[in-house]
Amino acid sequence: MAFDASAVRDRPLSDSALAQLFTEARTRNAWSDRPVSEDLLRKLYELTKFGPTAVNATPARFVFVTSPEAKARLAPLMSDGNREKTLQAPVNVIIGQDIEFHEQLPKLFPHAPGAKDWFADEAGRRESAFRNASLQGGYFLLAARALGLDVGPMSGFDPEGVKAEFFAGTTVEPNFIVNLGYGTDENLFPRSPRLAFEEAAQIL
117 MAFDASAVRD RPLSDSALAQ LFTEARTRNA WSDRPVSEDL LRKLYELTKF GPTAVNATPA
177 RFVFVTSPEA KARLAPLMSD GNREKTLQAP VNVIIGQDIE FHEQLPKLFP HAPGAKDWFA
237 DEAGRRESAF RNASLQGGYF LLAARALGLD VGPMSGFDPE GVKAEFFAGT TVEPNFIVNL
297 GYGTDENLFP RSPRLAFEEA AQIL
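Residue 320, in the working numbering, is where the sequence shown stops; the numbers in between run on with no holes.
Here it is as structure tokens:
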């Protein structure tokens, strides 16, 4: 029987699902040695790719760092506070953005044949690439949690070094890095406060 998307489109997720994705989920700083399979990483990407982006540009690019050799290349480029947990996590994911994403638009946005030309200006293209790759990074974090994984997003790294080490000769630039796996409660900080609705939002 074919899956009927309309049957679940307007149905809220359960409280337990919302807890897994948001209210009880935590940024992890320590990791168990439980491995993350390649099949699961592929499934994670397959979920992430369906998140919406402007003109379906999907500029994010993902490097899954899993081998000791690749980790040895990445670790020196992390800030002091991020290096140990990066080495401990089973997987480190470098999320980048392709500045030349518009080259893929004839395939990704075929109903608008001139879409590639909308991004002829490099400054505007860079802004769009950063915004939409960051958006995809958010989808990635939620997809990972939905699959039972823990995440630890980080911005403390040497972007020029990561570009040279992992994206040399390409039009991809690093955005942020995520530790991925099955977290432990070690070095888990108390949950920080959040702004109330009245402090951060308004309805007009």
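Positions of the beta carbon are idealized from the N, C-alpha and C atoms, including for glycine.
TODO: Compare the Cα-Cα distances from LEU251 to each of LYS165, SER148, VAL152 and PRO128 and report the closest residue.
DONE: LYS165
Open item on the list: Under 7 Å: does the beta carbon of ARG307 sit that close to some heavy atom of the ligand MG?
Closed with: In the structure on display, the ligand MG does not appear, and there are no ligands present to speak of.
- [ ] To the nearest angstrom, report how far apart PRO222 and TYR161 are at their CA atoms.
- [x] 22 Å
Task: Local Cβ density within 10 Å of HIS227, reported as buried at 16 or more and exposed below that - done: exposed
- [ ] Could you please give the first and the last residue of the uninterrupted beta strand (DSSP E) stretch that includes PHE305?
- [x] Segment: none, PHE305 is in no beta strand (DSSP E) and carries neither H nor E.
Task: Status (buried if at least 16 other CB within 10 Å, exposed otherwise) for ARG127 - done: exposed
Task: Test item: CB-CB of GLN213 and ALA176 under 8 Å - done: yes
Open item on the list: Are the CB atoms of GLU302 and ALA146 within a distance shorter than 8 Å?
Closed with: yes
Task: Cβ pair ASN208, ILE319 closer than 8 Å - done: no
- [ ] Take LEU141 and list the residues in its own chain whose beta-carbon comes closer than 7 Å to its own, dropping the five residues that flank it on each side.
- [x] In the sequence as presented, Leu is not what sits at residue 141; that position holds Ala. Taken in chain order, the residues that qualify are ARG261.
Task: ILE210 versus SER130 - alpha carbon distance - done: 31 Å
Task: Per-residue DSSP class, three states only, for ALA176 - done: strand
Open item on the list: If contacts are defined as beta-carbon pairs under 8 Å, then LEU296 and PRO151 qualify, I think. What distance do you get, rounded to the angstrom?
Closed with: 11 Å between Cβ atoms; not a contact.
- [ ] Could you please give me the residues that DSSP links to GLY240 through a beta bridge?
- [x] Bridge partners of GLY240: none, in fact.
Task: Anticipated Cβ contact below 8 Å, ARG144 with GLY253, distance rounded - done: Not a contact, Cβ separation roughly 17 Å.
- [ ] Go to LEU296, then tell me how far its beta strand (DSSP E) extends in each direction, as first and last residue.
- [x] 288-297
Open item on the list: On the DSSP bridge list, what partners appear for ILE211?
Closed with: PHE178 and PHE292
Open item on the list: Quick check on DSSP: helix, strand or coil for VAL171?
Closed with: helix
Task: First and last residue of the uninterrupted alpha helix (DSSP H) at PRO222 - done: 221-224
TODO: Round the Cβ separation of LEU263 and LEU190 to the nearest angstrom and send it over; I've been treating them as touching at under 8 Å.
DONE: Not a contact, Cβ separation roughly 23 Å.
- [ ] Would you tell me roughly how many angstroms separate the C-alpha atoms of PHE283 and LEU224, rounded to the nearest one?
- [x] 23 Å
Task: Alpha-carbon to alpha-carbon, GLY167 and GLN220 - done: 17 Å
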